[in-house]
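Taking this note's numbering, the leading residue of the sequence shown gets 357, the next gets one more, and so forth.
Worksheet: one structure, shown below.
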Amino acid sequence: MSGHSKWHNIQRRKGKQDAIRGQLFTKLSKDIYQAAREGGGNPDTNFRLKVAIERAKANNLPAENISRTIAKATGTLEGVTYEELLYEGYGPHGVALLIEIVTDNRNRTAAEVRHIFRKRGGSLAESGAVAWMFKRQGQIEVPKAGVEGDELMMLALEAGAEDVIEQENAFVVVTAPEDFKQVRVALEEAGVQYDDAELVYEPATKIELSDEALEEVYELVEALEDCDDVQTVYTNVKMGDEEETD
Numbered sequence: 357m358s359g360h361s362k363w364h365n366i367q368r369r370k371g372k373q374d375a376i377r378g379q380l381f382t383k384l385s386k387d388i389y390q391a392a393r394e395g396g397g398n399p400d401t402n403f404r405l406k407v408a409i410e411r412a413k414a415n416n417l418p419a420e421n422i423s424r425t426i427a428k429a430t431g432t433l434e435g436v437t438y439e440e441l442l443y444e445g446y447g448p449h450g451v452a453l454l455i456e457i458v459t460d461n462r463n464r465t466a467a468e469v470r471h472i473f474r475k476r477g478g479s480l481a482e483s484g485a486v487a488w489m490f491k492r493q494g495q496i497e498v499p500k501a502g503v504e505g506d507e508l509m510m511l512a513l514e515a516g517a518e519d520v521i522e523q524e525n526a527f528v529v530v531t532a533p534e535d536f537k538q539v540r541v542a543l544e545e546a547g548v549q550y551d552d553a554e555l556v557y558e559p560a561t562k563i564e565l566s567d568e569a570l571e572e573v574y575e576l577v578e579a580l581e582d583c584d585d586v587q588t589v590y591t592n593v594k595m596g597d598e599e600e601t602d
């Protein structure tokens, strides 16, 4: 599974539940906005919007917020205009980072992200500096309960998936970006339940760090995720509890 999802399991933010919830809602709304702006406001014909709405509902974003965000994106309600950006950088100990951004003010965001990097021993990099270390792919996480691995493998591969990786509690269906939608739809039509489905950046290789070094990287990633304009942070670090999948 991609390294970024591991960061989200690190629960070390004490007394910040309201702030975290607000940041989450902001990120979910931006995802909905961008999907609706690019593909229209109908989730039946806009696959990306459908995924964004499902994720928002799963995280209890109010329906009114969802409707208002779609209205802004489709021009039926005045509001700000967001754009998607991909920042690249280096963290402590040479760790590579890719940062997905959705912002209404790229100058403000660049200044905030640059400040976070500098404060925690990292630096922003030029476009292309670290992106080559990552591969864009679709990942669909299917819980193991009630699922036969061989049957899932056959179904996924026939639908166009590249691989099915077995983990402790789930199977991860891996696809090329252009095949993500058709594989996801095939699983849905077959009645396969999944916990998450998204396009991610997967590092080609991962580096191992000491616990002390990992702590420094944790602090940088958490600080970046606290920034309202940051959607997702990807790194090429191998987490201590991460299993080999080769």
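Glycine included, every Cβ here is placed at the ideal spot set by N, Cα and C.
Please read all numbers here as calculations on a predicted model, not as lab measurements.
| Check | Outcome |
| --- | --- |
| Touching by the beta-carbon criterion (3+ pairs, under 8 angstroms), the region 448 to 460 and the region 587 to 594 | yes |
| Limits of the unbroken alpha helix (DSSP H) element including GLN587 | Run containing GLN587: none in the alpha helix (DSSP H); it sits in the beta strand (DSSP E), 586 to 591. |
| Identified DSSP bridge partners for GLN379 | DSSP lists no partner for GLN379. |
| Spatial neighbours of LEU433 in its chain, beta-carbon cut-off 6 angstroms, leaving aside the 5 residues before and after | ALA427 |
| Those residues which DSSP pairs with TYR550 across a bridge | TYR550 pairs with nothing; no bridge assigned. |
| ASN402 versus SER479: straight-line alpha-carbon distance, rounded | 37 angstroms |
| Alpha-carbon to alpha-carbon, GLN549 and HIS364 | Summary for HIS364: the model assigns pLDDT 49, below 50, so the residue's position carries little reliability; its value from the coordinates is reported in the next sentence. Roughly 22 angstroms separates the two Cα atoms. |
| Completely contained beta strand (DSSP E) runs for the region 462 to 527, where each covers 3 or more residues | 490 to 499 and 519 to 522 |
| At least 3 beta-carbon pairs within less than 8 angstroms: the region 457 to 471 vs the region 482 to 498 | no |
| Under the three-state DSSP convention, the category THR425 falls into | helix |
| Exposure of PRO418, with buried meaning 16 or more beta-carbon neighbours within 10 Å | exposed |
| First through last residue of the alpha helix (DSSP H) which encompasses ALA542 | 536 to 545 |
| Coil, strand or helix - VAL556 by DSSP | strand |
| Of the residues ILE563, ARG377, GLU482 and LYS475, the one placed nearest GLU444, counting alpha carbons only | GLU482 |
| C-alpha distance - ARG369 paired with THR382, whole-angstrom precision | For ARG369, the predicted model reports a pLDDT of 45, less than 50, meaning its position is unreliable; a value from the coordinates is still stated below. Whole-angstrom Cα-Cα distance: 18 angstroms. |
| At least three beta-carbon pairs within less than 8 angstroms, the region 545 to 559 to the region 570 to 581 | no |
| Sequence-distant residues of the same chain with beta carbon closer than 7 angstroms to VAL586, five excluded per side | ILE455, ILE457 and LEU580 |
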